[in-house]
Every structure is written in C-alpha cells, then in structure tokens.
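The structure appears right after this line, and notes come after that.
Protein chains: 2
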Amino acid sequence: MEEIDFKWPNGFFADGIHAGLRKKRLDMGWVVSEVPAQSAGVYTTNQFQAAPTKLTKETINKKHELQAIIMNSAVANSCTGIEGTENAHEEQALVASKLGIDKDLVGVASTGVIGIQLPMDKIKQGLAELQKTKNFKVTEAVLTTDTHSKTISVSFEVFGKTCTISGFCKGSGMIKPNMATMLGFVVTDAKVAGQKLQETLVELTNETFNQITVDGDTSTNDMVVVMANGQAMQDEPELSEGSEYEIFKAALKHVLGFLAKEIARDGEGATKLVEANVNGAHSKEDAQHVAKAIVGSNLVKAALFGEDANWGRIIDAIGSTNAKLKIDSVDIALNKTKIVEHSLGLDFDEEALKEKLKSDEIIIDVELNNGDFKGQAWGCDLTYKYVQINASYRS
Amino acid sequence: MEEIDFKWPNGFFADGIHAGLRKKRLDMGWVVSEVPAQSAGVYTTNQFQAAPTKLTKETINKKHELQAIIMNSAVANSCTGIEGTENAHEEQALVASKLGIDKDLVGVASTGVIGIQLPMDKIKQGLAELQKTKNFKVTEAVLTTDTHSKTISVSFEVFGKTCTISGFCKGSGMIKPNMATMLGFVVTDAKVAGQKLQETLVELTNETFNQITVDGDTSTNDMVVVMANGQAMQDEPELSEGSEYEIFKAALKHVLGFLAKEIARDGEGATKLVEANVNGAHSKEDAQHVAKAIVGSNLVKAALFGEDANWGRIIDAIGSTNAKLKIDSVDIALNKTKIVEHSLGLDFDEEALKEKLKSDEIIIDVELNNGDFKGQAWGCDLTYKYVQINASYRS
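Line by line, the protein sequences give chains X and S.
FYI, in full-length UniProt numbering the residues of the first sequence are 1 to 395.
FYI, in full-length UniProt numbering the residues of the second sequence are 1 to 395.
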C-alpha cells in the first residue's frame with residue numbers, strides 16, 4: 001500500500017460548482033460511479049439527526065448500494081422539520097432522474113448552518129450544471145470554515161490488480177454560526193460486498209473518526225460514506241477474507257486515519273495536532289477511552305497551546321475516566337521526554353521540553369502498566385482563536 | 001429559613017494564618033467544634049485521589065464523627081506517593097494532640113499544586129499558631145486562584161430552637177499550574193445523626209455540586225464535608241424525619257446550592273454565570289444530564305461569552321445526550337426570550353436578545369415536553385481569559 005497523488009478511482013466521476021448558496025466559493029458537488037457501488041455508512045449519534053443524514057442512512061441500509069452522492073455546504077438542512085425532509089427527498093429524486101437511475105442509489109449530504117431550509121431553486125440550478133468529470137472541485141465544495149481541502153489516495157495490489165482508495169472530508173468542529181460538521185467520503189475501485197464493507201467501516205471508524213475530538217460536540221450531520229464499485233477487479237472475486245482482504249482493510253484504515261487526523265489538525269483555532277498513545281491498558285475500550293479523555297480535556301488542550309508540560313492535568317484526565325488503572329503505575333512522556341513515572345513527577349529540563357512543545361505536533365505517550373491493550377486519539381490545542389471563532393456573532 | 005450575615009454556629013471555632021506555603025496570603029486554617037460533631041463527606045470520583053482526601057474519607061467513614069478539620073492551600077499533596085500519605089497522617093496526628101482528641105476525629109484537606117510534597121516544617125509552625133477563634137480567616141486561607149472568598153450562613157427554627165448552617169468553599173476549576181480544586185465545608189449547630197447526614201449530603205450533592213461544571217475536569221482533591229455538633233439543640237431530639245427534618249434539609253440544600261453557584265460564577269476567566277433549567281424530562285437523570293450537557297458545551301459557553309443567541313448549539317448539546325427525547329418537541333428560551341419551539345427556530349429580535357445576553361447571568365430554559373421531571377445545572381462562559389489562565393506557563 002502506498003500513498004499516491006489524489007485521483008478518482010476507476011469508474012468514479014465527480015464535479016463541484018457554485019450554486020449560489022455561498023457568496024463566491026464552490027458550494028455544491030457530487031460523486032458518481034458508472035455502475036452501482038457496494039456502499040456503507042456511519043452516521044452521527046446526535047439524536048437531532050439532520051434530514052439528509054437520516055435519508056442517506058435509510059437509503060444505504062436498504063441494499064448497501066449507492067451510485068451517486070450529492071452534497072452541498074452553507075446549509076445543513078438540520079432542525080428544518082417536515083419541509084427539510086421533503087427537500088432532501090426531492091433532491092435525491094432529482095439526482096436520480098438526471099442520472100436515469102433508481103433514487104435508492106442516491107445519497108444526500110449537507111453541511112452548513114443549522115435551522116435554515118435548502119433553497120431548492122438554487123439546488124435545482126446547481127444540479128443542472130453538474131457534470132461527470134474527473135476534476136476535484138467537489139473536495140472544495142464541501143468545505144465550510146476548513147482552512148484547506150483534505151484529500152488522500154492510496155493504491156494497493158490484490159489478485160494482481162492495482163486498486164485505489166481515495167477519500168476526502170470536511171470538518172473542524174462545530175463552528176460559527178452553528179455549523180453542522182464532519183463529512184467524509186471514500187471511494188474505491190476494489191470489489192467488496194456492501195455488508196462486509198459496513199462491518200469493516202464500523203470497526204475502523206471506532207479507531208479513527210470516533211477517536212478525534214475538537215470540542216467534544218457531535219454534530220447533527222456527521223457521516224462517513226464508503227463506495228466500492230469493483231471496477232479495478234471486474235474479473236476477480238470479491239474481497240471478503242484472508243490476506244487479500246487484510247491488504248484492503250489496512251489501506252482503508254490508513255485513509256480513514258489520515259482524514260480523521262486532518263480534521264483534528266484543522267480544528268478551529270488549532271495551532272497543534274495532539275496525539276495520545278495509550279499502552280498497557282486492561283482493555284481496548286479502556287485504552288481508547290483514556291486516550292480520548294486526554295485529548296478532550298480543555299486543561300490539557302490549553303496547556304499545550306501554552307507549551308506547558310503540565311502533567312498534573314494529564315494524570316487528572318486519566319483518573320477522571322472509569323478505566324481500570326493501577327494508580328501508582330502510570331508513566332507519561334511528552335514528545336518522547338518522560339515526565340511521569342509510577343504516577344510521580346520526574347525532574348526534567350523544563351526549558352528543553354518547552355522547546356520541544358513548540359512543535360506543531362504533540363505526542364502524549366501514556367503507559368498504564370495494567371494490560372496489553374493500546375488505543376490512540378487525536379485532538380488539537382485550545383486557543384484564543386477558538387474562543388474568538390466561537391464567540392463571534394453570527395455573521 | 002433566612003440568609004443571615006456569615007457567622008460560626010454555636011460551638012464552632014476557626015482560624016486562618018500565613019504558614020509560608022504562599023508568598024503573602026493566608027494559606028492554612030482550621031475549623032474546630034467544642035464537642036465531636038456528627039459528620040458526612042462526599043469526595044472526588046477521580047481515581048487519583050489525593051492523600052488528604054483519601055484519609056478524610058477513611059476517617060469519616062469510621063464513625064461519621066469529626067471534631068476538627070485542618071486545611072491548607074498552595075500544596076495539594078496529590079500524586080505524592082507514600083511520603084504524601086505519611087504527611088497527611090502526621091498532620092492529622094499533630095492536630096489531634098494539639099486539641100487533645102482522638103485522631104479519628106480530625107479531617108485533613110489540601111488544595112494547590114499537584115505533585116509537590118507538603119513542607120511539614122511550615123505545617124508544624126503554622127499549626128502551633130492556630131487558635132480557636134471566631135474569625136473568618138480560614139475562608140480566605142483555602143482560596144487558590146478564586147477571585148474572592150465564598151461564604152453563606154442561614155438560620156432556621158426547629159423545635160423552637162434557632163439553628164445556623166454556615167458554609168464556605170473554594171473552587172473555580174482546575175487552574176494553573178495544575179491545581180487541585182473545589183473544597184466545601186459546612187458546619188451547623190443542628191442535631192443530626194451522621195449516617196442520616198451522609199445520606200442527605202449525597203442526595204443534595206447530586207442536585208448541587210455535581211451539577212456544576214467549569215471545564216468538565218474532576219480534580220484529585222474535591223471534597224465537601226458537613227459537621228453537625230447539635231449545640232443549638234442540646235435538649236432536643238435528633239432531626240431524622242418529618243417536617244422538622246425537611247426544614248433542615250431545605251436549609252442545607254440552599255447552602256450547598258449557593259456555594260455550588262458561587263464556584264460556577266467564579267470559574268476561571270468567567271464573565272457570566274450560566275444556569276440551565278430543564279423541564280418536561282422523562283426522568284430526573286435525563287433532566288440533570290441534559291442540563292449539564294448544555295452548560296458543559298464549549299460551543300454554548302463560547303457563544304454566550306460572545307452574547308450570541310446560538311440555539312443550534314444548545315439543540316446540539318441536548319441531542320448529544322442519551323436522554324429520552326421527543327425530537328420534534330423541544331422548546332428553548334434564553335433569558336426568558338423563546339427562540340426555539342417544537343425544535344424549530346423562531347423569529348426573534350436578535351438585537352433585543354443580544355442586549356439581554358449582556359447580563360452577567362444567563363438563564364437557559366429548556367422544555368423537553370416528554371415527562372414531568374426537572375433538572376438544573378450551572379456553569380460559566382468560555383473566555384479568552386480562560387485560555388490565557390490555562391495556557392500560561394506555571395509561574
């Protein structure tokens with residue numbers, strides 16, 4: 001498996017345009033497969049699930065097949081009641097008729113302001129403009145306050161065929177004025193059954209997208225969708241088990257992990273990516289829970305913004321979980337400098353470590369010495385800019 | 001029951017002094033009853049419980065009796081290993097011998113920097129200076145970065161006797177450099193059995209101290225201790241049930257609630273007290289969970305600092321809980337202006353509401369329309385100052 005320049009896998013097309021939902025920037029796009037693709041999705045756990053999120057979930061759950069997904073930024077179509085639900089359904093139907101396919105093969109995704117209805121006239125005009133191209137404009141059209149587009153492609157070989165997995169996402173926390181955030185789309189020309197893809201996506205999401213936090217909020221629109229159209233493996237059997245499947249799974253995990261970290265790194269106001277690596281946990285759940293508690297602590301986040309080796313706060317975040325701990329056996333290192341051993345502070349060169357903490361990546365290694373399980377989580381620092389972004393009046 | 005000027009109840013004495021743990025400010029003090037007092041305590045759920053917290057818990061759990069509690073600021077005696085445990089025990093023994101009482105009648109409390117040992121020489125000198133006075137210096141001696149001392153006294157009548165409950169606390173979130181926070185002490189001359197007092201304290205804490213959040217962190221030293229010496233009711237029966245007990249319980253709840261709100265209001269960097277009142281919940285737990293999720297959301301906190309009526313974030317915080325919700329039936333009001341009805345945004349005068357949000361108290365009323373249960377929680381806004389305080393290098 002190797003990272004390659006971003007490209008659309010065999011049999012996938014896309015486009016992005018300016019539909020007038022935003023002043024100038026691209027705000028609408030789609031991804032289309034030339035044939036129905038086995039598909040899987042994971043969705044926000046927020047009880048106020050937006051209309052497009054709910055519709056895409058229902059659609060994928062029918063046959064785990066999609067051929068196209070339409071997406072827009074600026075308007076989240078969340079907390080929009082019956083009208084919002086009808087608009088999502090109409091958009092799905094319009095895309096289906098334009099492509100001449102069943103509406104149950106069309107996914108719908110929106111991100112943007114909560115509580116505003118989709119302007120269907122603009123959506124219709126925009127849809128008329130969308131073409132089946134190989135351009136990357138859709139990766140920009142989904143952005144809201146992200147500072148840059150987030151894309152990755154990897155290639156790998158199975159059964160002697162070279163397959164590609166490409167992914168893009170938008171994120172960066174719930175943002176002003178009241179943004180519904182975090183959309184991820186992954187397309188591949190590998191051949192995988194939808195149900196199997198679903199199981200794998202759920203498993204890998206728990207180790208990637210579910211282990212990032214910018215401010216602990218779960219948006220109403222979060223979703224990650226994977227489409228596999230098999231076009232690079234037409235004469236080959238489906239990937240379903242064994243070493244060939246593991247190659248695919250490793251490549252997919254790499255793509256999901258990369259995109260998740262990109263979202264954390266681009267968290268609003270963030271100046272640093274923070275990675276917590278927890279080892280020696282009593283269970284996988286404990287390891288992931290502890291890692292996420294550390295990167296989720298406002299105190300740890302603010303201290304790292306201040307480049308302060310404030311281990312008391314890391315200990316505090318660990319202890320605030322219900323993970324099984326040996327209270328006197330916790331070791332902590334910051335960017336490879338050990339600062340806590342057996343739960344006691346070590347003497348270390350504050351100034352030298354402060355220098356290391358100027359890095360834009362902070363690695364917190366925690367050894368719980370209470371088992372064999374590992375977990376990771378990613379977040380960012382808490383900055384003045386975060387407060388500024390989130391305090392500023394909707395404008 | 002009425003609030004009165006702060007005073008020590010009958011048979012309680014106190015003092016506060018400068019033991020040299022801090023540069024200038026008072027840093028050590030005690031509260032002493034002339035007779036053993038029935039006592040109860042609640043303690044941090046953080047797994048890294050500080051030595052004094054652990055010792056006080058063990059001591060109270062023996063007979064639910066205390067006659068004195070010694071306290072210091074500046075040094076939390078947390079994450080201090082065996083030496084820290086021995087120091088806490090020595091301090092307890094020293095207080096007992098100075099007062100000529102059993103050490104099992106002495107509680108110990110510390111707050112301050114995590115990971116530093118108590119300077120026992122200064123503790124011993126300080127202890128020698130402490131007197132049994134009626135001054136209020138101990139209410140200052142426990143403060144760390146609190147902007148002011150937090151005290152309250154109430155009086156009420158039972159069996160024709162006037163009783164007093166007085167409380168003081170320190171708080172304001174986990175603060176630089178790595179502070180162990182939130183100590184609460186309540187003393188009364190009412191007569192209540194320790195076990196009953198313990199049950200009542202646990203019940204009331206769940207509705208007061210456990211419903212405040214400054215930054216979601218639970219410190220290693222948090223504790224609330226109540227001592228009841230019965231000196232105002234010497235010839236009366238113990239309060240244990242019926243209307244007389246309800247009078248006492250209401251007074252105690254008022255004291256605990258007042259102190260909890262004072263901690264939220266004085267949260268680091270805070271400019272506003274935020275109160276969430278949740279009604280119409282399916283259960284008491286749901287109501288309290290939703291209320292706490294709202295005041296705990298960074299996005300809500302930052303928006304309120306910006307005086308932004310950003311209801312999408314409140315909906316989002318509500319939906320992120322696992323409370324039973326009727327998704328289309330949530331109403332929200334900010335400082336009495338209704339902005340959401342049936343989970344849909346209402347048209348409201350943004351400028352007029354923005355004026356109201358300039359208040360230093362923000363009331364968020366939420367009606368879930370899904371049951372008969374209520375819950376409240378208190379927090380504060382998220383400000384530049386919070387980040388500044390928590391980012392600044394330990395100094």
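Every residue gets a Cβ at the ideal spot worked out from N, C-alpha and C, and that includes glycine.
For residue i, the nearest candidate out of the options (CA to CA)
i, options, result
"residue 328 of chain S", "X:79, X:64, X:40 and X:12", "X:79"
"residue 129 of chain X", "X:3, X:28 and X:211", "X:28"
"residue 383 of chain X", "S:298, S:266 and S:374", "S:298"
"residue 302 of chain X", "S:305, S:51, S:321 and S:386", "S:386"
"residue 352 of chain X", "X:364, X:343, X:345 and X:339", "X:339"
"residue 402 of chain S", "S:16, S:268, S:367 and S:4", "This structure does not reach residue 402 of chain S, given that chain S is present from 1 up to 395, and the question cannot be answered."
"residue 143 of chain S", "S:92, S:25, S:66 and S:207", "S:25"
"residue 260 of chain S", "S:182, S:228, S:276 and S:238", "S:182"
"residue 223 of chain X", "X:273, X:241 and X:168", "X:168"
"residue 102 of chain S", "S:35, S:147 and S:246", "S:35"
"residue 414 of chain X", "X:135, X:274, X:316 and X:203", "Nothing can be reported for residue 414 of chain X, as the shown portion of chain X is limited to 1 through 395."
"residue 73 of chain S", "S:122, S:64, S:90 and S:94", "S:122"
"residue 69 of chain S", "S:81, S:82 and S:55", "S:55"
"residue 186 of chain X", "X:157, X:229, X:207 and X:146", "X:229"
"residue 345 of chain X", "X:30, X:310, X:157 and X:165", "X:310"
"residue 124 of chain X", "X:96, X:205, X:136 and X:188", "X:96"
"residue 151 of chain S", "S:184, S:100 and S:157", "S:184"
Per DSSP, the bridge partner or partners of residue i
i, result
"residue 67 of chain X", "Residue 67 of chain X is not bridged to any residue."
"residue 281 of chain S", "S:373"
"residue 110 of chain S", "S:72"
"residue 189 of chain S", "DSSP lists no partner for residue 189 of chain S."
"residue 337 of chain X", "X:334"
"residue 227 of chain X", "X:39 and X:187"
"residue 329 of chain S", "Bridge partners of residue 329 of chain S: none, in fact."
"residue 275 of chain X", "X:363 and X:378"
"residue 134 of chain X", "X:14"
6 Å CB neighbourhood of residue i in its chain, flanking five on each side removed
i, result
"residue 115 of chain X", "79"
"residue 289 of chain X", "321 and 323"
"residue 356 of chain S", "335"
"residue 60 of chain X", "39 and 41"
"residue 231 of chain X", "10, 11 and 189"
"residue 278 of chain X", "287, 290, 291, 366 and 375"
Extent of the continuous alpha helix (DSSP H) to which residue i belongs
i, result
"residue 154 of chain X", "Looking at the DSSP string, residue 154 of chain X is not in any alpha helix (DSSP H); the run it does join, the beta strand (DSSP E), is 150 to 158."
"residue 316 of chain S", "311 to 319"
"residue 120 of chain S", "120 to 129"
"residue 166 of chain S", "Note, residue 166 of chain S: premise wrong, no alpha helix (DSSP H); beta strand (DSSP E) at 161 to 170."
"residue 116 of chain X", "Careful: residue 116 of chain X lies outside any alpha helix (DSSP H) and carries neither H nor E."
"residue 198 of chain S", "194 to 207"
"residue 144 of chain S", "It is not in any alpha helix (DSSP H) - residue 144 of chain S carries neither H nor E in the DSSP assignment."
First through last residue of the beta strand (DSSP E) which encompasses residue i
i, result
"residue 97 of chain S", "From DSSP, residue 97 of chain S is part of no beta strand (DSSP E) but of the alpha helix (DSSP H) over 81 to 99."
"residue 11 of chain S", "Segment: none, residue 11 of chain S is in no beta strand (DSSP E) and carries neither H nor E."
"residue 366 of chain X", "361 to 367"
"residue 350 of chain X", "Residue 350 of chain X -> not in any beta strand (DSSP E); alpha helix (DSSP H) instead, spanning 350 to 356."
"residue 4 of chain S", "2 to 4"
Cβ-based neighbour list, residue i, same chain, cut-off 7 Å, excluding 5 preceding and 5 following
i, result
"residue 236 of chain S", "159, 161 and 191"
"residue 317 of chain S", "293, 294, 297 and 300"
"residue 149 of chain S", "139, 140, 143 and 168"
"residue 171 of chain X", "146, 181, 182, 263 and 266"
Cutoff 8 Å; reference residue i; Cβ partners in own chain excluding five residues on either side
i, result
"residue 66 of chain S", "33, 36, 37, 39, 59, 60, 105, 106, 107, 225 and 227"
"residue 117 of chain S", "75, 77, 80, 83, 84 and 87"
Subject >> Residues in the segment 41 to 71 of chain S having any Cβ partner in chain X nearer than 9 Å >> reply: Against chain X - using a Cβ distance shorter than 9 Å - the residues of the segment 41 to 71 of chain S are 44, 45, 46, 47, 48 and 49.
Subject >> Contacting positions in the segment 365 to 381 of chain X - beta carbon closer than 8 Å to chain S >> reply: Flagged: no residues at all.
Original post:
Name the residues in the segment 199 to 233 of chain S whose C-beta lies less than 8 Å from a C-beta of chain X; which are they?
Top reply: The residues in question are 215, 216, 217, 218, 219 and 220.
**OP:** Determine which residues of the segment 139 to 155 of chain S have a Cβ less than 8 Å from any Cβ of chain X, and write them out in chain order.
**Re:** Cβ contacts with chain X come from no residue of the segment 139 to 155 of chain S.
Original post:
When you check each C-beta in the segment 263 to 296 of chain S against every C-beta of chain X, which residues fall closer than 7 Å?
Top reply: Along the segment 263 to 296 of chain S, none of the residues has a CB nearer than 7 Å to a CB of chain X.
**OP:** May I ask you to list, following chain order, the residues of the segment 302 to 318 of chain S that have a beta carbon less than 8 Å from some beta carbon of chain X?
**Re:** The segment 302 to 318 of chain S vs chain X, Cβ under 8 Å: 302, 303, 305, 306, 307, 308, 310, 311, 312, 313, 315, 316, 317 and 318.
Subject >> Against chain X: residues of the segment 237 to 263 of chain S by CB proximity under 8 Å >> reply: From the segment 237 to 263 of chain S, no residue has a Cβ closer than 8 Å to chain X.
**OP:** Please list the residues of the segment 126 to 140 of chain X that have a C-beta atom closer than 9 Å to any C-beta atom in chain S, keeping them in chain order.
**Re:** Of all residues in the segment 126 to 140 of chain X, none has a C-beta nearer than 9 Å to a C-beta of chain S.
**OP:** Check each residue of the segment 345 to 361 of chain S: if its Cβ is closer than 9 Å to any Cβ of chain X, include it; give the result in chain order.
**Re:** Of all residues in the segment 345 to 361 of chain S, 345, 350 and 354 have a Cβ within less than 9 Å of some Cβ in chain X.
Original post:
Between the segment 68 to 94 of chain X and chain S, which residues of the former have a C-beta closer than 8 Å to a C-beta of the latter?
Top reply: Answer in chain order: 78, 79, 80 and 81.
Original post:
Taking Cβ-Cβ distances below 8 Å as the criterion, which residues of the segment 111 to 122 of chain S are in contact with chain X?
Top reply: So the list reads 113, 114 and 115, given in the order they occur along the chain.
Original post:
Which residues, in order along the segment 325 to 343 of chain X, keep a beta-carbon less than 9 Å from a beta-carbon of chain S?
Top reply: So the list reads 325, 327, 328, 330, 340, 342 and 343, given in the order they occur along the chain.
Subject >> Residues, ordered as in the chain, of the segment 1 to 17 of chain X that lie near chain S by beta-carbon distance below 9 Å >> reply: Legend: CB atoms of the segment 1 to 17 of chain X lying less than 9 Å from CB atoms of chain S are not found in any residue.
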